[in-house]
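Under the UniProt record's numbering, the first residue of the sequence shown is numbered 1, with each subsequent residue one higher.
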Amino acid sequence: DTYRLSVDYGKTYLLRLVNSVENSDIFFSIANHPFTVVGWDGSYVKPYVTDYIYITPGQAMDVLVSANQPLGHYYMLGTPYFDGQADDFDKSITSAIFQYNGNYTPTSSPVYPSSSPGFYDIDAAKHFVRHLRSLNSAEHPIDLPENVTTRMYVTISITMLKCPNDSCAGPEGNRLASALNNITFANPSVDILQAYY
Numbered sequence: 001d002t003y004r005l006s007v008d009y010g011k012t013y014l015l016r017l018v019n020s021v022e023n024s025d026i027f028f029s030i031a032n033h034p035f036t037v038v039g040w041d042g043s044y045v046k047p048y049v050t051d052y053i054y055i056t057p058g059q060a061m062d063v064l065v066s067a068n069q070p071l072g073h074y075y076m077l078g079t080p081y082f083d084g085q086a087d088d089f090d091k092s093i094t095s096a097i098f099q100y101n102g103n104y105t106p107t108s109s110p111v112y113p114s115s116s117p118g119f120y121d122i123d124a125a126k127h128f129v130r131h132l133r134s135l136n137s138a139e140h141p142i143d144l145p146e147n148v149t150t151r152m153y154v155t156i157s158i159t160m161l162k163c164p165n166d167s168c169a170g171p172e173g174n175r176l177a178s179a180l181n182n183i184t185f186a187n188p189s190v191d192i193l194q195a196y197y
């Protein structure tokens, strides 16, 4: 069954969107309904009006959408974005319905977004990200330290670890390990809550 978000004409809604997809950036749009982006990962941003949003895995975004179109049903689309090359890239588009409450006869099918970016549209992704700005102003100051007292150098690396009989799924039968300053994360043997409580 298709998810339906019921809205009342004339109201403005705050959508708090989270990309919970493990490994895919997403373009999200609602047919004929532009968004005003007002928050990004828990921080307010300068309001930015756009026909779509671009959201990466684990990212959260707050957008306003006004229910100001003719009464009807409109598609909401989540389109995956991929900036590389892969034969097994999942091009499944997810959809839901943005539907107005009221007494009317809907069209035979919901209105489809005319400006939803494609799977490989890097220009659309860059365009969206370049327009996000903080609220830094006299009313919303951002105080940063002016005197730097500590400099930190962090080396980020990925290396291949040998597996017995080349039995791992990584390159050349090995496994990949990432590290910061040559230290790799290791799962603790005891749950953090069990360790302290």
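Glycine is no exception: its CB is placed at the ideal position from the N, C-alpha and C atoms. Because the structure is a prediction, the values reported are computed rather than measured.
In the three-state DSSP reduction, V129 falls in the helix class (H, G or I). Taking each of Y44, T79, N174 in turn and checking the Cα distance to I158, the smallest one comes out for N174. If you draw a straight line from the Cα of V154 to the Cα of I183, it is about 11 Å long. By the Cβ criterion, the segment 63-70 is in contact with the segment 28-43, since at least three pairs of Cβ atoms, one from each stretch, lie closer than 8 Å. The straight-line gap separating the alpha-carbon atoms of A125 and D143 is approximately 29 Å.
Of the residues assessed, M76 falls on the buried side of the cut-off, its CB having 16 or more other CB atoms within 10 angstroms. In the DSSP assignment, the residues bridged to T159 are A177. In the structure shown, Y196 falls within a helical segment according to DSSP collapsed to helix, strand and coil.
Its Cα nearest to that of G102, the residue P70 stands out among P117, N187, P70, V49.
Cα atoms of P171 and M160: separation of roughly 8 Å, rounded to the nearest angstrom.
Note on the UniProt domain "Plastocyanin-like" (2-103): whole beta strand (DSSP E) runs with a minimum of 3 residues are 4-7, 12-18, 25-30, 35-40, 43-50, 53-55, 60-66, 73-81, 94-100, in chain order. Beta-bridge pairing by DSSP links S134 to V45.
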